Every structure is written in structure tokens, then in C-alpha cells.
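Quick note, the sequence shown lines up with residues 1 to 145 if you use my numbering.
Glycine is no exception: its CB is placed at the ideal position from the N, C-alpha and C atoms.
Predicted, not measured: the structure shown is a model, and the values here were computed from it.
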Amino acid sequence: MAREIISAGDIRRLKQEAAASKTDGKGAQPARDSYSDRLFKYIPAELVAGYIFIQGILKNIPQGREALILQWIVFGLFCLLTPLYLRRIQKVFKIQQLLISLLSFVVWCFALGGPFALSGWYDPVYGQILLPVFTLAAAIWEAEK
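Encoded structure:
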């Protein structure tokens, strides 16, 4: 399964291109992604897994200013890696999908705690509420561009 979202707009565009080129359209036509397809494609599971692995290592560092700085650096690096990985490795070119996936990664990190947990205002309940609400709502959106 390709990682890029296939929207209703993509299907229309493919049909128009086939009609314009006067091809018979007998080739394999991709199907529009379902809600569950979009749900899986928007969550950068590989990056979340890598982040969880590194968080396990960082838990061994004594808490303090250095730990907080390191937590934020790791979080920032993974935020940079998310769109790069999706574009270069998974061949996702839709900006909307890249942004939703990045936001999905941030929400997962927030729910897991990460650097947010070292802040005085953070309460795990916020992440426990935000994660399912965001995950279910994000898949409603069909990335077009």
C-alpha cells in the first residue's frame, strides 16, 4: 500500500487525464482511501516507535536542566525527521498530509509525555484526551495537495 493519501480529487484528476489522453482507461485505477486507510497513513508509526525507543534511553538520565534540554532536542529532531522521512522514503508529496502527519507525531509525543512531562503545567490527562480525539478527527480530512 502506498503511503500517500488517495483522495476523491485524485480519482477525478486521474479520470480527466485518461479522458484527455484518449486512453481506454482499462489500466488499474486506484481506489479512494477509506477512513481507516487515512487513519493509518496519517500516523507516522515508524517515527513514533523510534521516539519511544529513545525516550526509554533518556529515562536513565538524571532529571535536571540537561535532561530537559536533551528531551526537547530529541523531540525537535524527530519533528524535522517526520516530513523528511515521509517525503524521501515513503514518497508522500502532499503538503497537507505531511502537515497532518507532523501534527499527529506531536500529539503522540504529547500523549507519551516526553519533554512536555518535564513542564510544570503538563498533566497526562491532557494527552489521554487529546490523542484519541485528534486521531479520530484527523482521518476525516482528505489531503488534497
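Give me, in chain order, the residues of the same chain whose beta-carbon lies closer than 6 Å to that of residue i; leave out the 5 immediate sequence neighbours on both sides.
{"i": "residue 30", "result": "6"}
Report buried or exposed for residue i, applying the criterion of at least 16 other Cβ atoms within 10 angstroms of its Cβ.
{"i": "residue 63", "result": "exposed"}
{"i": "residue 114", "result": "buried"}
Specify, as a first and last residue, the run of the alpha helix (DSSP H) that residue i falls within.
{"i": "residue 118", "result": "Where residue 118 is concerned, there is no enclosing alpha helix (DSSP H), given that its DSSP letter is neither H nor E."}
{"i": "residue 35", "result": "35-42"}
{"i": "residue 123", "result": "Unbroken run through residue 123: none, as it is neither H nor E."}
{"i": "residue 15", "result": "8-20"}
{"i": "residue 78", "result": "65-88"}
{"i": "residue 46", "result": "45-58"}
What number of angstroms, rounded off, separates the C-alpha of residue i from the C-alpha of residue j?
{"i": "residue 84", "j": "residue 16", "result": "31 Å"}
Here's a check: name, in chain order, each residue in its chain whose Cβ is nearer than 8 Å to the Cβ of residue i, leaving out the five neighbours to either side.
{"i": "residue 3", "result": "41, 86, 90, 91, 92"}
{"i": "residue 94", "result": "4, 5, 143, 144, 145"}
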